[in-house]
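K.L.:
Per my numbering, the very first residue in the sequence shown carries number 9; after that it's consecutive. We put the CB at the ideal spot given by N, CA and C, even for glycine. The structure follows.
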Amino acid sequence: MSTPRTLPSLRSALRVALVVVLLGGGAAAGAIDAPTNDAEAELLLRQAEEAVQRGALEEALQRYRALVEGGYGTADVWFNIGTLALRAGHTGEAVLALERAVRLDPSDADARANLEVARARNVDELVGAAGGPPFFERLARALPPRPVVWGFAAAWVALFTGLLLARLRPKRWVRVLTALSLVAVLLLGSASLLVIWYREASDEAVVMADAAEVKAGPGPDFDTAFEIHEGLIVKIVDREGPYLRVRLANGLEGWVPSRSVARIWPPEPYRAPEPS
């Protein structure tokens, strides 16, 4: 499992070598205010990294959470939250944070590896599970958003350049360039739409409670059909009052209190795990 990262700057969000430390338990720090400007965010980031190096696990987590609350939730910040939460035993928070890290940077192999470790800690056995998400969902998860979008823009430029040259110099190589650019525009345009669909329309959530009773209807008086546990990913298919209707990977459905899960994307106001 990869360790948290030292980040040189929130604004640049550059990647550097991993900080290799042994993380132990630490006393939880007091409530930390979210940063209101870049200077406060940079200070909070350095304090979080120092806490990691001291082995003050919960203190580091609280400072990273405050960064997210202040709007500084980069892929690397989410990676660090997920990795620290995984070490601290907060399975739900680890899955949630690492899922967000992967959605912000699908090319991050470390985040994917840690996410697999976190998801493996969920105790639910989904009998009759379909064996993974559909093909297009897996493809969307694997596509890096920024290169896809920049590639789409470059393909458009190449296409218009080819069309212009075709009118000025109707050579064979110009026609080939234009045809290849058109193919690239179609492929990368489709990929861009797929990435946008996945990030915006895929309504998934992570179970944050230790255990959540899945009811037959949207209320506490309905029969309990089964239980789901911390770290399980579910799809949200309906909402009624304080209850959500969720679907598991094996097709089972039921209603859970909305407070027992956290939507993966777009990120909602951050909610850290309650002390057990």
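Is Arg71 closer than 8 angstroms to Leu52 when the C-beta atoms are compared?
P.N.:
Residue mapping note: residue 52 aligns to position 44 of the sequence shown, counting from 1. Residue mapping note: residue 71 aligns to position 63 of the sequence shown, counting from 1. Yes, they are a contact pair.
K.L.:
Could you have a look at Ile236 and say whether DSSP puts it in helix, strand or coil?
P.N.:
Within the sequence shown, residue 236 is the residue found at index 228, counting from 1. It is a strand residue.
K.L.:
Work out the CA separation of Arg175 and Thr186 for me, nearest whole Å.
P.N.:
Numbered from its first residue, the sequence shown carries residue 186 at position 178. Numbered from its first residue, the sequence shown carries residue 175 at position 167. C-alpha separation (whole angstroms): 11 angstroms.
K.L.:
Assign Gly159 to one of three DSSP states: helix, strand, or coil.
P.N.:
As a working mapping, residue 159 is identified with position 151 in the sequence shown. It is helical.
K.L.:
If Ser10 sits next to Thr82, beta carbons under 8 angstroms apart, how far is it from one beta carbon to the other, in whole angstroms?
P.N.:
For the purposes of this step, residue 10 is taken as residue 2 along the sequence shown, with counting starting at 1. For the purposes of this step, residue 82 is taken as residue 74 along the sequence shown, with counting starting at 1. 16 angstroms between Cβ atoms; not a contact.
K.L.:
Cα separation between Asn122 and Leu171?
P.N.:
In the sequence shown, counting from the first residue as 1, residue 122 sits at position 114. In the sequence shown, counting from the first residue as 1, residue 171 sits at position 163. Taking the straight line from one Cα to the other gives about 47 angstroms.
K.L.:
Under three-state DSSP, which class holds Arg72?
P.N.:
Mapped onto the sequence shown, residue 72 falls at position 64. It is worth fixing the name first, because residue 72 is Tyr in this sequence and not Arg. Three-state result, Tyr72: helix.
K.L.:
In or out: Trp158 buried (at least 16 other Cβ within 10 Å) or exposed?
P.N.:
The sequence position of residue 158 within the sequence shown is 150, counting from 1. So Trp158 counts as exposed.
K.L.:
How many whole angstroms separate the CB atoms of Ala257 and Met216, which I take to be in contact at a CB cut-off of 8 angstroms?
P.N.:
Reading the sequence shown from its first residue, position 249 is the one you call residue 257. Reading the sequence shown from its first residue, position 208 is the one you call residue 216. With 8 angstroms as the limit, Ala257 and Met216 do not qualify as a contact, their Cβ atoms being about 18 angstroms apart.
K.L.:
Is it the case that the segment 94-105 contacts the segment 113-127, given that we only count it when at least three CB pairs across the two stretches are under 8 angstroms?
P.N.:
Touching, per the Cβ criterion.
K.L.:
Can the beta-carbon of Val156 be found less than 8 angstroms from the beta-carbon of Ala96?
P.N.:
The residue you call residue 156 lines up with position 148 of the sequence shown. The residue you call residue 96 lines up with position 88 of the sequence shown. Cβ distance not < 8 angstroms, so Val156 and Ala96 don't count as in contact.
K.L.:
Just reading off the alpha helix (DSSP H) that Asp118 is part of, what are its end residues?
P.N.:
In the sequence shown, residue 118 corresponds to position 110, counting from 1. Element bounds for Asp118: Ala117 to Ala128.
K.L.:
With respect to the beta strand (DSSP E) encompassing Glu48, which residues constitute its N-terminal and C-terminal limits?
P.N.:
Locating residue 48 in the sequence shown gives position 40, where the first residue counts as 1. It is not in any beta strand (DSSP E) - Glu48 instead sits in the alpha helix (DSSP H) that spans Asp46 to Arg62.
K.L.:
Heavy atom of the ligand FMN less than 7 angstroms from the Cβ of Thr186, yes or no?
P.N.:
The model on display carries no ligand, and the ligand FMN is accordingly not part of it.
K.L.:
Looking at the structure shown, is Asp84 part of a helix, part of a strand, or coil, going by DSSP?
P.N.:
Residue numbering aside, residue 84 sits at position 76 when the sequence shown is read from its first letter. Three-state DSSP puts Asp84 in a helix.
K.L.:
Go through its chain and collect everything with a Cβ distance to Arg54's Cβ below 7 angstroms, but skip five positions before and after it.
P.N.:
Position 46 of the sequence shown, counting from 1, holds the residue named residue 54. Within the same chain, Arg54 has no close Cβ partners at all.
K.L.:
Out of Trp263, Phe234, Ala150 and Glu57, state which residue places its alpha-carbon closest to the alpha-carbon of Gly249.
P.N.:
Numbered from 1 along the sequence shown, position 241 holds the residue referred to as residue 249. Selected option, being the one with the closest Cα: Trp263.
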